[in-house]
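Asker: So the sequence shown is numbered by our numbering: it starts at 137 and just counts up by one.
The beta carbon of each residue, even a glycine, is placed where N, CA and C say it ideally should be.
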Amino acid sequence: MPFPLAVICLFLNTFIPGLGTFISAFTVLCGARSELVSQRGVCCVFWLNVAAAFIQILTAVIMVGWIMSIFWGMDMVILASQYLSSCVYLSI
137 MPFPLAVICL FLNTFIPGLG TFISAFTVLC GARSELVSQR GVCCVFWLNV
187 AAAFIQILTA VIMVGWIMSI FWGMDMVILA SQYLSSCVYL SI
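1) Straight-line CA distance for Val143 to Gly209?
2) In its own chain, which residues sit with a C-beta less than 7 Å from the C-beta of Met212, not counting the 5 before and 5 after it?
3) Going by DSSP, what residue range makes up the alpha helix (DSSP H) through Gly156?
4) Below 8 Å on the Cβ atoms is my guess for Ala189 versus Thr157; work out the distance and round it to an integer in Å.
5) For Ser221, does the count of other Cβ atoms within 10 angstroms reach 16, so buried, or fall short, so exposed?
6) Given that a residue counts as buried once 16 or more other Cβ atoms are within 10 Å of its Cβ, and exposed if not, what is Gly167?
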């Protein structure tokens, strides 16, 4: 996933639990890179992200989903920054 989109998903997950994760599910269908796509396929990764988003939404009331949503968003940003830095090193 592109770094700016990962930051947007983190922002959305922080204020509306599960929304950023739900949007990230659709980025997989649009060709965003994921380590799981090569192992499980695009459709499986899409449905895993959708399921995670719904779990975050349903459990946000007891704060578990909200915390999970923020960590999920932070993970997206970390993975996107690692991918971005590896691309920068490869192009030098």
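Answerer: Taking the geometry as given:
1) As a position in the sequence shown, residue 143 is number 7, starting the count at 1. As a position in the sequence shown, residue 209 is number 73, starting the count at 1. Spanning the two alpha carbons is a distance of roughly 8 Å.
2) For the purposes of this step, residue 212 is taken as the residue at position 76 of the sequence shown. These residues qualify, in order along the chain: Met137, Ala142, Cys145, Leu146 and Ser160.
3) Reading the sequence shown from its first residue, position 20 is the one you call residue 156. That run of the alpha helix (DSSP H) goes Leu155 to Leu165.
4) In the sequence shown, counting from the first residue as 1, residue 189 sits at position 53. In the sequence shown, counting from the first residue as 1, residue 157 sits at position 21. Right, the Cβ-Cβ distance comes to about 4 Å (below 8 Å), so this counts as a contact.
5) As a working note, residue 221 is residue 85 in the sequence shown. It is exposed - the Cβ of Ser221 has fewer than 16 other Cβ atoms within 10 Å.
6) As a position in the sequence shown, residue 167 is number 31, starting the count at 1. By the neighbour-count rule (16 or more Cβ atoms within 10 Å), Gly167 is not buried but exposed.
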